[in-house]
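A quick write-up on the structure given underneath.
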Amino acid sequence: MLWFLLLLMACAVAGVTCCRLCLATVRAAAVDRARERGRGHRLTVYEAAFLSGGPYRVADVALVSMARQRRLLLAHTGWATVVDPRGRDDLERSVLGAIGPEGQSRIGPIRAATAAAEPVRALSERLVADGLAVPESARSTVAGAVRQVRGALVAVLVLGAVALLAPGQDVPGGPGQVLAWFALPLTLTVSCLLIARVEVHPYTRWASPSGQRLLGGLKLGSTEGDDRTYLTAVAVGGVAAARDPGLLSAFTQRGH
């Protein structure tokens, strides 16, 4: 009866992980409903950047904004040079502090330091409090639960294969009976992942459903327009949305 013990193990793994995913999803949805106070809120460029791409996107917008105003030079080699050492807000001061007193640094370290700075953390906390961003705890819990269900799917397949290939098995109905029983936990895990793909996926992003609705209402327009339109396009779509080969080259060189 080895196959029956393996079946019990498969059912237990599938059941526990699927229950954890369901609970994590319910809690994430409850957080969003409890904190949904974003109606009528007009997103700033930095807020749109965080909701679209997280802390690093905020750093990118700050760098692009300073470069567009000729206060920072972003070379295609991946270096940033300070032209105007006066920051106009906390984020710009974080960028200047990350560059250092020499006035020149690679873009990669600047992005990392700015993304981890206090102004970005404060922005994140404010968006979470307004119900527009997903709390880190909810985002990591749901993502972890999805990974566990994927692992359970693999475990069910492995246990089913062992049950079929184990020697000396006397199963009424033959291998087809074993497959039929293992199809139950397999169907459970696959169905849970499919549902998660539709229902859970929005909660794994930076923006909550409330934040996503505000992002959907932004008018992007052309990147050749005014500064806010230009920066909004970068905030939502990343540096590539600026359609500037020199700017894109500067950011793609950051890791070298």
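In terms of this note's numbering, the sequence shown opens at residue 38 and continues consecutively.
For glycine and all other residues, C-beta sits at the position ideal for the given N, C-alpha and C.
What are the start and end residues of the alpha helix (DSSP H) that includes residue i?
i	result
VAL119	First-last for VAL119: 116-119, but that is the beta strand (DSSP E), not the alpha helix (DSSP H).
MET38	It is not in any alpha helix (DSSP H) - MET38 carries neither H nor E in the DSSP assignment.
GLN249	246-253
PRO122	Looking at the DSSP string, PRO122 is not in any alpha helix (DSSP H), and its letter there is neither H nor E.
ALA287	282-289
ALA203	Taken as a continuous stretch (DSSP letters only), ALA203 belongs to no alpha helix (DSSP H), as it is neither H nor E.
LEU268	264-274
Start and end of the beta strand (DSSP E) containing residue i?
i	result
LEU109	109-111
GLN141	141-143
Using the three-state DSSP reduction, which class does residue i fall into: helix, strand or coil?
i	result
ARG234	helix
ALA220	helix
ALA154	coil
ALA170	strand
ASP97	helix
PRO146	helix
ARG242	coil
PRO138	coil
GLY211	coil
PRO92	helix
GLY188	helix
THR81	coil
GLY292	Confidence in GLY292 is poor, its pLDDT being 48 and thus under 50, which makes the residue's placement unreliable; the coordinate value appears in the next sentence. Looking at GLY292 - three-state DSSP - the assignment turns out to be coil, as it is neither helix nor strand.
Under 6 angstroms Cβ to Cβ from residue i, same chain only, skipping five residues before and after it: list those, please.
i	result
VAL271	VAL98, VAL101, ALA278 and ALA279
PRO92	ALA152 and VAL157
Any idea if residue i is buried or exposed, counting beta-carbon neighbours within 10 angstroms, 16 or more meaning buried?
i	result
ASP281	buried
SER247	buried
PHE41	exposed
THR114	exposed
ARG94	buried
GLY168	buried
GLY140	exposed
VAL188	The residue you asked about is not Val; residue 188 is Gly in the sequence shown. Answer is exposed; the Cβ neighbour count stays below 16.
GLY213	exposed
For residue i, which residues of its own chain have a beta-carbon under 8 angstroms away from its beta-carbon, when the five flanking residues on both sides are left out?
i	result
GLY52	PRO222 and LEU225
PHE87	ARG94, VAL95, VAL157, LEU160, SER161, LEU164, ALA170 and TRP243
GLU155	ASP127 and SER131
LEU255	LEU80, ALA85, THR269 and VAL273
VAL193	ALA47, VAL50, ALA51, PHE219, PRO222, LEU223 and THR226
LEU216	GLY197 and LEU201
GLY134	ALA150 and ALA154
LEU284	VAL101, ALA104, LEU111 and VAL276
Do residue i and residue j have their C-beta atoms closer together than 7 angstroms?
i	j	result
LEU231	ALA244	no
SER142	ALA175	no
ALA203	LEU45	no
ILE136	VAL119	yes
LEU111	ALA233	no
VAL195	ALA61	no
So, for residue i: in the same chain, excluding its five sequence neighbours on each side, which residues have a beta-carbon less than 7 angstroms away from its beta-carbon?
i	result
CYS229	CYS55, LEU58 and VAL186
MET103	LEU109, GLU129 and VAL132
VAL199	LEU43
GLY292	Unreliable positioning characterises GLY292 in this predicted model, as indicated by a pLDDT of 48, which lies under 50. The coordinate reading is nonetheless provided below. Answer for GLY292: GLY145, listed in chain order.
ASP264	ARG105
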